[in-house]
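Enquirer: Numbering-wise, the numbering used here puts 275 at position 251 of the sequence shown, and it's gapless, one number per residue. Heads up, the beta-carbon is just placed ideally off N, CA and C, and yes, glycines get one too.
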Amino acid sequence: LMFAIGYQHAEQSGGVVRDIVTHVLFIHNWFADTYGSINGVLWTLGVEVQFYVVFPLLCYAFLRWPYQTFGTMLAIAIGFRLATVNDIHFLQLIEQLPAYFDFFACGMLTAYLYVSLRDKPFSSGATILATLVAIAGFLALIALMEALFAIRYLPDGFAHWQVINRTWLALACVAIGVGSLLGAPIWKRLLANPLLVFFSIISYNWYIYHQVVARELWWHHLPPWTGVDPHGDPQWQFWYSVIAFPATIIVAAIFTYAFERPLLRLSPQWWLTRLRVVSP
C-alpha cells in the first residue's frame with residue numbers, strides 16, 4: 025500500500041522486492057536498509073512478531089518459574105543493551121528483540137499478578153493501596169519522561185537513556201497496570217472513560233499510521249506554506265497540528281473499525297472455508 029500511494033520509492037532502499045519480502049517475514053528491522061524503509065515505525069511490528077515466535081517457550085517457563093523467568097528476561101535485556109552500547113550499530117541494535125525482553129517480561133508479569141490476585145478477597149485498605157500503587161506508577165512515568173526530555177539535545181541521548189531506564193519505564197507500567205486493575209472502582213471508571221477506551225482500541229493503528237498521515241499532509245502542502253521549509257513558521261506549525269492529529273485519528277479509526285474488527289469477528293471456520301476454495 026505504501027508503494028501504491030507513492031509514499032515509498034524503490035531508490036530509497038534495497039528495492040521493492042527486498043523491502044516487501046523482509047516486511048512480510050517481519051525481519052526488516054534486522055537490516056539497516058530496510059529497518060525504516062517503508063514506514064519508520066514498522067520496526068516495532070517486527071519486534072512483536074519475533075517475540076510471538078518465542079512466546080510459547082517463555083509462557084511454559086513463566087507458568088512454572090514466574091519470577092525466575094521474569095528476572096532472566098530482565099537480565100537478558102539489560103545485558104544486551106549494555107553489551108552493545110559502544111557498538112557502531114547501537115542505534116539499530118537497541119531496537120532489536122533481546123533489548124526489549126524486559127518490556128515483554130513486565131507485560132507478562134502484569135498479567136500473571138492480576139490473574140493471581142483478582143479472585144482473592146480484597147479489603148478496602150488493599151484496594152486503596154492498589155490505587156496508590158497505580159498513582160505512584162504514573163508519577164514515576166512522569167518523572168522518567170521529564171528525565172528523558174531533559175537530555176533531548178544530547179547526541180543519541182534518547183537511545184543511551186534507554187539502556188538502563190527502559191527497565192524502569194517498564195516497571196512503572198507494571199505498577200500502573202496491576203494497581204489500576206485491582207484499584208478502587210472510581211479509579212477504574214476514571215481510566216476506563218469512553219474517550220480513553222476509544223483511544224485504546226485504535227492506539228496501535230494510530231501509532232502505525234501517524235507518520236504516513238503526517239508526511240502526506242506535509243508533502244501535499246496541507247496546510248499551505250510559503251518558502252522552502254515550513255518548520256520555522258509558527259502559524260503553519262499550529263494549523264498543521266490542528267489538522268494532523270484529527271486526520272491521524274480518523275485514519276486509525278477507519279483501519280480499526282472497517283478492517284481489523286470485522287476480521288476479528290469472523291469465525292475460524294470462515295477462514296478454513298476460504299482456504300479450501302483457493303486450494304488446488
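(1) To the nearest angstrom, report how far apart Ile232 and Tyr91 are at their CA atoms.
(2) Assign Asp180 to one of three DSSP states: helix, strand, or coil.
(3) For Trp243, does the three-state DSSP call read helix, strand or coil?
(4) Look at the alpha carbon of Trp230 and the alpha carbon of Leu220, and state the distance between them as a whole number of angstroms.
(5) Less than 8 Å separating the beta-carbons of Ile210 and Thr280?
(6) Check Asp111 in the structure and name its three-state DSSP category.
(7) Since I believe Tyr136 is in contact with Phe86 (beta carbons under 8 Å), could you give me their beta-carbon distance rounded to a whole number of angstroms?
(8) If I measure Cβ to Cβ from Ala101 and keep anything under 8 Å in the same chain, skipping five residues before and after, which residues do I get?
(9) Please report the Cβ distance between Lys212 and Ser224, rounded to the nearest whole angstrom; I am assuming they are in contact, meaning their Cβ atoms lie under 8 Å.
(10) I'd like to check one pair, Thr272 with His234: are the Cβ atoms closer than 8 Å?
(11) Below 8 Å, how does it come out for the segment 173-188 and the segment 236-245: are there three or more Cβ pairs, yes or no?
(12) Can you tell me which of Met97, Ile118 and Val45 puts its alpha carbon nearest to the alpha carbon of His184?
(13) Any chance you could list the beta strand (DSSP E) runs of at least 3 consecutive residues sitting entirely within the segment 249-289, in chain order?
(14) For the alpha helix (DSSP H) that contains Leu49, what are its first and last residues?
(15) Among the candidates Tyr76, His52, Phe104 and Pro145, whose CA atom is the shortest distance from the CA of Val65?
(16) How is Leu56 classed by DSSP in three states: helix, strand or coil?
(17) May I ask which residues mark the beginning and end of the alpha helix (DSSP H) holding Tyr84?
(18) Three or more beta-carbon pairs under 8 Å between the segment 193-208 and the segment 150-161, yes or no?
(19) Residues in the same chain with beta-carbon distance under 8 Å from Phe114, minus the five sequence neighbours each way, listed in chain order, please.
Expert: Inspection of the coordinates gives the following:
(1) Position 208 of the sequence shown, counted from the start, is the residue given in the question as residue 232. Position 67 of the sequence shown, counted from the start, is the residue given in the question as residue 91. So the two alpha carbons sit approximately 33 Å from each other.
(2) For this step, residue 180 is matched to residue 156 along the sequence shown. Asp180 falls in the coil class under three-state DSSP.
(3) Position 219 of the sequence shown holds residue 243. Helix, per DSSP.
(4) By one-based count along the sequence shown, residue 230 stands at place 206. By one-based count along the sequence shown, residue 220 stands at place 196. Rounded to the nearest angstrom, the two C-alpha atoms are 13 Å apart.
(5) The residue given as residue 210 occupies position 186 in the sequence shown. The residue given as residue 280 occupies position 256 in the sequence shown. Taking 8 Å as the Cβ cut-off, Ile210 and Thr280 do not qualify as a contacting pair.
(6) For the purposes of this step, residue 111 is taken as residue 87 along the sequence shown, with counting starting at 1. DSSP places Asp111 in coil when its eight states are reduced to three.
(7) Position 62 of the sequence shown, counting from 1, holds the residue named residue 86. Position 112 of the sequence shown, counting from 1, holds the residue named residue 136. Right, the Cβ-Cβ distance comes to about 7 Å (below 8 Å), so this counts as a contact.
(8) For the purposes of this step, residue 101 is identified with residue 77 of the sequence shown, where counting begins at 1. If we look at Ala101 and ignore the five residues flanking it on each side, its Cβ neighbours are Pro122, Ala123, Tyr124, Phe125, Asp126, Phe127, Ala129, Arg190 and Thr191.
(9) Taking the sequence shown and counting its residues from 1, the one referred to as residue 212 is at position 188. Taking the sequence shown and counting its residues from 1, the one referred to as residue 224 is at position 200. Between Ser224 and Lys212 the Cβ distance is about 13 Å, and since that is not below 8 Å, they are no contact.
(10) Residue 234 sits at position 210 when you count from the first residue of the sequence shown. Residue 272 sits at position 248 when you count from the first residue of the sequence shown. The answer is yes: Cβ separation under 8 Å.
(11) no
(12) Here residue 184 corresponds to residue number 160 of the sequence shown, with the count starting at 1. Among Met97, Ile118 and Val45, the Cα nearest to that of His184 belongs to Ile118.
(13) none
(14) Residue numbering aside, residue 49 sits at position 25 when the sequence shown is read from its first letter. Looking at the DSSP string, Leu49 is not in any alpha helix (DSSP H), and its letter there is neither H nor E.
(15) Counting from one through the sequence shown, the residue named residue 65 turns up at place 41. Of Tyr76, His52, Phe104 and Pro145, the residue nearest in Cα terms is His52.
(16) The residue you call residue 56 lines up with position 32 of the sequence shown. The sequence shown places Ala at residue 56, not Leu. Reduced to three states, the DSSP call for Ala56 is coil.
(17) Position 60 of the sequence shown holds residue 84. Tyr84 -> alpha helix (DSSP H) spans Trp67 to Arg88.
(18) yes
(19) Within the sequence shown, the letter at position 90 stands for residue 114. Excluding positions up to five away in sequence, the list reads Thr108, Asp180 and Ala183.
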